[in-house]
Amino acid sequence: MTNRKDMIDSAVLRPGRLEVHVEISLPDEAGRAQILGIHTAKLKANGFLGKDVDVGVVAKETKNYTGAEIEGLVKTARSYAISRVVDPSDLTKALDASKVCVTQEDFMMAVDETVAAFGAREGELERLCEGGIIAFGSEFRSVVTTLQRLVRQSMASSRSPLLHPSGAGGGDASQGAGRAEVEYRLTVADVLSRTASTDGMKSLMMDLGSEL
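Using full-length UniProt numbering, read the sequence shown as starting at 1 and increasing by one per residue.
1. Label Ile24 either buried or exposed according to how many other C-beta atoms from any shown protein chain fall within 10 Å of its C-beta, with 16 as the threshold for buried.
2. What is the DSSP secondary structure of Leu49, reduced to helix, strand or coil?
3. Rounded to whole angstroms, what's the CA-CA distance from Lys42 to Asp6? Just pull it up for me.
4. Give the range of the alpha helix (DSSP H) segment to which Asp112 is assigned.
5. Where does the unbroken alpha helix (DSSP H) through Tyr80 begin, and where does it stop?
6. With distances taken from CA atoms, which of Ile35, Asp28, Val85 and Leu13 is nearest Val98?
7. Measure the CB-CB distance between Ala59 and Arg32 and report whether it falls below 9 Å.
8. Looking at the unbroken alpha helix (DSSP H) that takes in Leu13, where does it start and where does it end?
9. I'd like the span of the alpha helix (DSSP H) that includes Ala135, first residue to last.
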């Protein structure tokens, strides 16, 4: 399994070798809660999990986390709990396991320490929009609505509508190529670089409005 399919040699992916590719998307909130339940089951069974721990709250705070990152988060929270009962002046002293208790605070500190690979830029986007976004006109609102509709459609379905003309010369190939170029160009980096100012934001939205 890998989350960097683009780095695998194309010769390995050709028919007759690894020809079947199954995409496993990031877990949703319910999925993250289930993964947390799996990785905290032994802590709970052995009495090391605090009664104040709410995996539902932790699941809400771990948006864009992979299963492996959630597992790492649980290990980090556990290390915080262990560090509280370790005597730094005498590391040879036996650990009293009965005093180990992983609390909700341990999980929250672990969340602050663990940065999701697919959500690392989210903080930068939030910083650029600290004051919110003002809908300065009908054209702006129309563009935003269209973008939201496209995002919802792509998240809710594995299929997208495709124009199918009755014959050649309908322009569907040109439209498809142009649309693909627009989607490829509009990356997070592009948004960040062009929204550093109000003029940049307006320019970006107007460009999108003309292309959609």
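Here a beta-carbon is modelled for each residue, glycine too, at the ideal position from N, C-alpha and C.
According to the structure shown:
1. What you label residue 24 is simply residue 24 of the sequence shown in a count that begins at 1. Under this definition Ile24 is an exposed residue.
2. As a working note, residue 49 is residue 49 in the sequence shown. In the structure shown, Leu49 sits in a strand (DSSP, three-state: E or B).
3. The sequence position of residue 42 within the sequence shown is 42, counting from 1. The sequence position of residue 6 within the sequence shown is 6, counting from 1. Roughly 36 Å between the two C-alpha positions.
4. For the purposes of this step, residue 112 is taken as residue 112 along the sequence shown, with counting starting at 1. Counting along the chain, the alpha helix (DSSP H) containing Asp112 begins and ends at Gln104 to Glu113.
5. Start at 1 with the first residue of the sequence shown, and residue 80 comes out as number 80. Element bounds for Tyr80: Gly67 to Val85.
6. Translated into positions along the sequence shown, residue 98 becomes position 98. The residue asked about is misnamed: residue 98 is Ser in this sequence, not Val. Out of Ile35, Asp28, Val85 and Leu13, Val85 has the C-alpha closest to the C-alpha of Ser98.
7. Position 59 of the sequence shown, counted from the start, is the residue given in the question as residue 59. Position 32 of the sequence shown, counted from the start, is the residue given in the question as residue 32. Yes; because the gap between Cβ atoms is below 9 Å, this pair is in contact.
8. Here the question's residue 13 lines up with position 13 in the sequence shown. Start and end: Ser10 to Leu13.
9. Locating residue 135 in the sequence shown gives position 135, where the first residue counts as 1. Run containing Ala135: none; DSSP gives neither H nor E here.
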